[in-house]
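Presented below is the structure to which this report refers.
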Amino acid sequence: MNNKEFKGNLDSLPASLFIDKNKKSDDYENFFLVLGVVFNDLKGLMMFDMLIKESYRKPEEGEVSSHTGEYGGARIQINKFLIGVINEFLEFLKSNEGTMKTLEFQLLLKNLSPEHRKRWTDLVDVAMKKNTSDSEILKTLVNIRNNVAFHYYQSGKVLRKGFIDVFNNQKDDKPQYKKPYFSVGETMESTRFYYSDASVEAYTRSVLTKEQVESISNIVDDMNSTITALMTAYITSLKNKIKVNNKPKKKKR
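If you want the numbering used here, it's the 1-based position in the sequence shown plus 160.
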């Protein structure tokens with residue numbers, strides 16, 4: 161039995177502070193509800209990656225084994241879903257441009273540190289395609305999301321090309337890519353189709369430049385840092401509403 165527990169300081173606020181049920185909708189309230197989901201999705205993928213690296217032996221260079229295939233395949237899977245989350249987050253920012261221009265949001269943004277404000281601005285700039293490079297990376301993210309992260313119904317052609325590049329054209333000379341490996345066992349744990357993971361990785365590598373890989377890494381760092389800061393400022397603003405409402409009123413003379 162594993163006694164390891166997740167950490168965190170449990171807290172709560174009245175539900176009415178997050179969502180006013182008497183309103184049909186509220187873009188500001190909805191924005192931060194979704195932003196919390198984005199953070200949780202990002203955290204989940206990063207935790208999964210960390211658990212793999214901390215719980216399992218890192219394969220030796222050139223090692224060909226079911227362990228190597230499972231280890232590498234799981235991390236390929238994390239990366240493709242991470243790209244999907246990034247793409248959806250940037251689309252979310254784009255569709256909420258009006259909300260981010262409201263006085264309420266701008267006042268909240270002012271409570272962030274200069275570094276966090278800059279990082280947030282950088283993310284918004286990418287979402288709004290302020291630079292040519294931003295347009296290119298967004299296009300690439302959409303392609304990866306649509307072709308290998310989600311939408312299995314349209315993955316066949318690109319994965320076929322990835323498979324041929326790896327196993328027929330030998331574009332990668334790593335030993336584990338010399339043959340289409342797989343493991344078929346009596347349980348899900350002992351079964352994996354490593355050649356499918358290799359096809360995903362080959363396609364992803366074919367559409368991403370070195371600069372774009374670096375940009376994606378920076379975007380993940382910025383998302384982690386700024387969403388945490390923004391959500392913290394938001395929670396603080398909700399707590400301040402309680403203080404204002406509970407403040408004793410002055411008696412009239």
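Positions of the beta carbon are idealized from the N, C-alpha and C atoms, including for glycine.
Since this is a predicted model, take the numbers as computed values, not measurements.
Residue environment analysis places N307 among the buried positions, since at least 16 neighbouring C-beta atoms fall within 10 angstroms of its C-beta. For D382, the closest alpha carbon among the candidates E230, I304, L193, F199 is that of F199. Spatial neighbours of A234 in its own chain (CB-CB distance under 7 angstroms, excluding positions within 5 residues in sequence) are listed in chain order as I212. Here T262 is exposed, its C-beta having fewer than 16 other C-beta atoms within 10 Å. The alpha carbon of V360 has as its nearest neighbour, out of K270, M206, K240, the alpha carbon of K240. C-alpha of E223 to C-alpha of Q336: approximately 7 angstroms in a straight line.
By the 16-neighbour rule on beta-carbons within 10 angstroms, I324 is exposed. Excluding five sequence positions before and after Y394, the CB atoms of its chain that fall closer than 7 angstroms to its own CB belong to F192, L268, given in chain order. A distance below 6 angstroms between beta-carbons, with the five flanking residues on each side excluded, links P340 to the following residues of its chain, in chain order: F327, Y355.
Across the structure, D186 and S273 are spaced so that their CA atoms are roughly 27 angstroms apart.
Note on geometry: alpha-carbon atoms of E349 and E230 lie some 10 angstroms from one another.
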